[in-house]
Amino acid sequence: MSVEKSLEKPRVRIAGVGYLNAAPLLFGLDRDPDVELFLGSPAEVTRRLAEGEADVALVPVAGAASIGDLAFLDLGIVARGPVRSVVVVAEKPLEEIEELALDASSRTSAILARIELSARRQGKPLRFKAMPPSEAIASVKGLTGALVIGDPAIDLAERFPFALDLGAAFRERTGLPFVFAAWAGRREAFTPELVERLREAARVGLVARDTLADRYAEARGEDPQRTRDYLHSSIHYAIGPAEKSGLVRFFDDAAKAGLLPETDLASSWIETGPRASGPEGTAPPSVDDLLERVMDGGRLSAAQALRIYREADLFALGIAADHVRKKKARAGSSDVVTYIVDRNVNYTNVCTTSCRFCAFYRPVGHEEGYVLSREVLGEKLQEVVDAGGVQILLQGGLNPELRIEWYEDLFRWIKATYGLGLHGLSPEEILHIAQLEELPVATVLTRLRAAGLDSVPGGGAEILVDRVRRVIAKAKCTSDEWLGVMRTAHHLGFRSSATMMYGTVDTAEERVLHLLKLRELQDETGGFTAFFCWDFQYEKGTRIHAGDHGTQLYLRTQALARLVLDNVDHVGSSWVTQGPGVGQLALRFGADDWGSVMFEENVVSSAGTTFRMNAEMIERQVHAAGFRVARRNVRYDHLTEPA
Amino acid sequence: MTNTEKTEMPTFAEVAVKVRAGQRLTAEDGLALFETPDFLGLGALANEVRERRHGDRTYYNRNVRLETTNVCVANCRFCSFAKLETGMPGAVTMTVAQAIETLKAKTANTAPPTEVHVVNGLNPDLPFTYYEELLRALAEHMPTASRKCFTAVEIHYFARRYELTPRQVLERLQAAGLQSLPGGGAEIFHPEVRTRICDDKATAEEWLAVHREAHALGMFTNATMLYGHVETYAHRVDHLLRLRAQQDQSIAGGKARFLAFIPLAFHPDGNGMRQLPGTTGIDDLRTLAVSRLMLDNFDHIKAYWVSSTPKVAQIGLSFGADDVDGTIVSETIYTAASKKAPEGLLEEDLVRLIREAGRIPVERDTVYNVLKEHPRAALEGAFKVRDRRQGKHLQILGEAE
Ligand code: SF4
Ligand code: SF4
């Protein structure tokens, strides 16, 4: 018997964009026994690297900048002029179009498009509308153009009267090549063996470009010569001094426009062979520098946000969040805190999901399961009307007995009888209805809107990292599904809130990633009105231990959210879970909204938190914190004069 | 430009400079701190002073509270606890034997507390020997618990009621086993307020005199302030200055002094001042912070979780406080004034509360000898309590059970 233990070496996890232009860099890695290769969309590749599911990745540079603190290898996807696979097309001259449909599959190209178009339009405003790649091309009409990316874009330019190749545009404006993607990862991940492995893949892959091109063309029935040309002359793979300068220029332009975090590349390049002489690169910015940058409107990368979250002094963090809150306020309202008179109604507690943190739900068939009758509901709604309320927040469990018609009838009845705003059904519930009815989410949302649905609450987000979701709510939708419902809702014109429930098994990194995912979707859609966070309320009936908690952590988390979510207008204090004392304090840590007058809130109060407050008490708390107060509606319009 | 008013209130920045230079603050400085809109700056400054004194160390003790009589001749308007006469419904006066029994019942399921804290109403129907017997019985039945009993208001009342001097009262009680005094009954010293809220009990001078005598007898004591009712910021500042002046004297006396200052938030439920709104979280934190800055000769500032809720007490540890009081097995004074105050926290709850605030929990005895210094939690960043994460934290109850 052999005494030697077979030491299993962990395989290095590599992710790369699955486009043709990346193929030469990835050559042979799929057959390497030491490598676990994943190919996916730019967003998915970025996510894997951010969430530690990949050690290194061939990532779009915008994704790398958002993660922050990464090392780069001098191999990537580069355009030294026309790139052909990233183009803006339109029926009218690009100086005249009013709207741009963005293929949402690549943020790098979307940011490049914004920068290049705004440079050519002398600040003339342009609306951006994110949509799936296939729809982007289809929506080109009149004054609406489109950004199209990747394989569908190749040679598209010829089919439209007006087109801008973004590789060429960048070159023309800056005189520099443009780096679309590069190998990136944590510095420790780039072992000499791995670096050699990636270089070797590129060496062989570049030689094999014709083979790759032919195979690709054959699979799609396209002209192999054109594909060969594309790989040979449109795309380049080496990142030399000029490419590095191009990347610095792009990051600078994007940071100035508030689209990407400030990124210092000086010391980020992996040096192989004799270390390049010259300055060592500047010292990384201090946490105070970072706070100052955000206060000036700069964008934070995940790495920077994490540093602030962990290291910043509590008060420095609060002061920065307070400053950003004031800056985000509409003119003349920087001392105004809003609240809404609404009521949370849980129409059913029957739920098939059994989330571990939930003490509210009852399984199907349980004797304590309920669906509110019209009488009970009517009483509650009348109370809202009598209290001067403007809407109800309608949420419930995932009850398989309630069909879409039930919701439609209910909504019509509520609208007709009480005329209240209807803020209802979190993404989880919408997805549940879509699955139950075998209808697309967009159809469900459109039908519910026709029946009276006004806006969508951001509940059920928990932590938008699937590792966490699998532990605390196995049956819940994935992060992508949650974000997908929100994307669809926003595209249909719904506004929604965004939330985060932390304090179960989540880590600080995962909370930061959650915020970044919300920020990215918000860049795309602009549909989130406000963000709320709270910690998991551990109590009898919940089936998971509490993780990171505490008042300091709550305030740090909320303040950090105010800094990271630079594109979300409002942040709400969660006094219902934190108590009025901390809720009030939260107004100095970035919040400008006190949430709702609470009639009831079953999901939280079943778990033991029972703070209640009427309008008068809310106004007193807000005044005592030194603010004026105004009532609002779901879109955060003031309904009363701030006083 | 020559007319610059010298008497104008100092700015927050000016006060901060004085604090950092170690200079003593004036009444105007105190007022400026209470009124500054720079609430976070105030918190940061108080935190600086707190960390200079104690670093991250944060104290708690394991104590048991006992009220043996709620009969009281005084008529404090803010009191939801007593104001009863013997024989009235709800009036309770325990015999010494009953008191000991109650105490034993309260502590049956806990490790023996290190302190027993007795506060009562001003009961006209008991002989002085009742208190002496009570102390002797406590010493006999709970020898490991130090006896922190009777506020200065009670001591003062005993002197009047039993025709003794306060010093004689203190000497006799000390001989019977009294070791230190709690800080209650201070309320607001200023006569403009004191006559309105509690005009028939010890005056400011009388309250301070009892503590002065106690200090001279080698007894350490504490001090409180009941705020958030009808007083102004100026009254609060005045209160703090009177305490500071007395502390100077006591320190010069060289025997004993005040250990901790405990600001108590007024709760409006169930008492004669229920028309008042009560304090808010920001006021509670502001008061902690200003107290830390004004009371430069007090070692400890306590965030009393029963009064302010555990969550506000927790953040109070970043606004100047270095103590969260005790585990308190049962407390009836605040619970009578508010249904929200929890009755007791376990030691592990307090330790967690302190750790989550990023501090080091230190168990102390009544006079702040260190009994147990907990290891600093291996924190994830500033706040993560990793030892919980490694233990059963990651287990999911449904699967573990
Ligand atoms: S949190 Fe919502 S989805 Fe999860 S079990 Fe409770 S009711 Fe169901
Ligand atoms: S506060 Fe004390 S002295 Fe005043 S009435 Fe209540 S028990 Fe009596």
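Residue numbers (our numbering), protein chains in the order written: chain A, 1 to 643; chain B, 644 to 1044.
Glycine included, C-beta positions come from ideal geometry on N, C-alpha and C.
Please list, in chain order, the chain B residues whose beta carbon lies closer than 8 Å to that of residue i.
i: Thr551(A); result: Lys954, Val955, Gln957, Ile958, Glu999, Ala1000
i: Pro580(A); result: Thr923, Gly924
i: Ile67(A); result: Those do not exist, as Ile67(A) stays about 18 Å from chain B at its closest Cβ, beyond 8 Å.
i: Asp322(A); result: Leu683
What residues match up with residue i in a beta bridge as DSSP calls it?
i: Ala182(A); result: Val59(A), Gly76(A)
i: Leu25(A); result: Answer is none; Leu25(A) lacks a bridge partner.
i: Phe128(A); result: Leu100(A)
i: Lys791(B); result: His760(B), Ser823(B)
i: Gln391(A); result: Asp342(A), Gly421(A)
i: Arg447(A); result: Bridge partners of Arg447(A): none, in fact.
i: Asp768(B); result: In DSSP, Asp768(B) forms no bridge with anything.
i: Ser497(A); result: Ala530(A)
i: Arg632(A); result: His638(A)
i: Phe909(B); result: Per DSSP, none; premise fails for Phe909(B).
Considering residue i, what are the terminal residues of the alpha helix (DSSP H) in which it resides?
i: Thr930(B); result: 924-937
i: Lys474(A); result: Careful: Lys474(A) lies outside any alpha helix (DSSP H) and carries neither H nor E.
i: Ile831(B); result: First-last for Ile831(B): undefined, no H or E at that position.
i: Ile115(A); result: 107-120
i: Gly378(A); result: 374-386
i: His858(B); result: 847-859
i: His570(A); result: That residue, His570(A), is in no alpha helix (DSSP H); its beta strand (DSSP E) goes 570-572.
i: Ser245(A); result: 241-256
Looking at residue i: is its Cβ nearer than 7 Å to the Cβ of residue j?
i: Thr729(B); j: Asp768(B); result: yes
i: Arg1002(B); j: Asp699(B); result: yes
i: Ile840(B); j: Thr867(B); result: no
i: Arg779(B); j: Gly826(B); result: no
i: Ala71(A); j: Ile239(A); result: no
i: Phe360(A); j: Thr504(A); result: no
i: Thr864(B); j: Leu824(B); result: yes
i: Asp103(A); j: Val45(A); result: no
i: Arg412(A); j: Gly452(A); result: yes
i: Arg900(B); j: Arg693(B); result: no
i: Ala119(A); j: Ile925(B); result: no
i: Ala65(A); j: Pro363(A); result: no
i: Trp482(A); j: Pro427(A); result: yes
i: Arg1007(B); j: Asn704(B); result: yes
i: Gly16(A); j: Leu58(A); result: yes
i: Ile392(A); j: Leu420(A); result: yes
Under DSSP, the beta strand (DSSP E) around residue i begins and ends at which residues?
i: Gly424(A); result: 421-424
i: His343(A); result: First, the residue type needs correcting, since residue 343(A) is Arg and not His in the sequence shown. 342-346 is the span of the beta strand (DSSP E), which, as asked, contains Arg343(A).
i: His236(A); result: 236-238
i: Tyr538(A); result: Looking at the DSSP string, Tyr538(A) is not in any beta strand (DSSP E), and its letter there is neither H nor E.
i: Ala899(B); result: Careful: Ala899(B) lies outside any beta strand (DSSP E) and carries neither H nor E.
i: Lys1015(B); result: 1013-1016
i: Phe721(B); result: Here Phe721(B) belongs to no beta strand (DSSP E), and DSSP marks it neither H nor E.
i: Asp288(A); result: Segment 287-295 is the alpha helix (DSSP H) holding Asp288(A); no beta strand (DSSP E) there.
i: Trp594(A); result: 593-596
i: Thr655(A); result: In this structure chain A extends from 1 to 643, so residue 655(A) is not present and cannot be described.
i: Gly969(B); result: 966-969
Which residues of chain A have a Cβ atom closer than 7 Å to the Cβ of residue i, listed in chain order?
i: Asn682(B); result: Per the sequence shown, residue 682(B) should be read as Phe rather than Asn. Result: Arg588.
i: Gly828(B); result: Ordered by position in chain A, no residue passes the 7 Å Cβ test against Gly828(B), which lies about 25 Å from the chain.
i: Gly686(B); result: Phe315
i: Ser961(B); result: Leu314, Gln552
If the cut is a Cβ gap below 9 Å, which residues of chain A does residue i touch?
i: Leu928(B); result: Gly581, Leu585
i: Ala932(B); result: Within 9 Å Cβ-Cβ: nothing; Ala932(B) doesn't reach chain A, min ~11 Å.
i: Ser951(B); result: Gly581
i: Asn752(B); result: Simply none; closest approach about 20 Å.
Could you tell me which chain B residues have their CB closer than 7 Å to the CB of residue i, listed as they occur along the chain?
i: Ala119(A); result: Within chain B, no residue comes near Ala119(A); the closest Cβ sits about 40 Å away, beyond 7 Å.
i: Ala615(A); result: By Cβ distance, chain B contributes nothing, its closest Cβ being about 14 Å from Ala615(A), past 7 Å.
What does residue i touch in chain A if you count any residue whose Cβ is under 8 Å from its own?
i: Pro920(B); result: Arg620
Where the beta carbon is closer than 5 Å to any heavy atom of ligand 1, which residues qualify, in chain order? Sorted by chain position, residues whose beta-carbon lies closer than 5 Å to a non-hydrogen atom of ligand 1 are Cys351(A), Thr353(A), Cys355(A), Cys358(A), Tyr361(A), Gly397(A).
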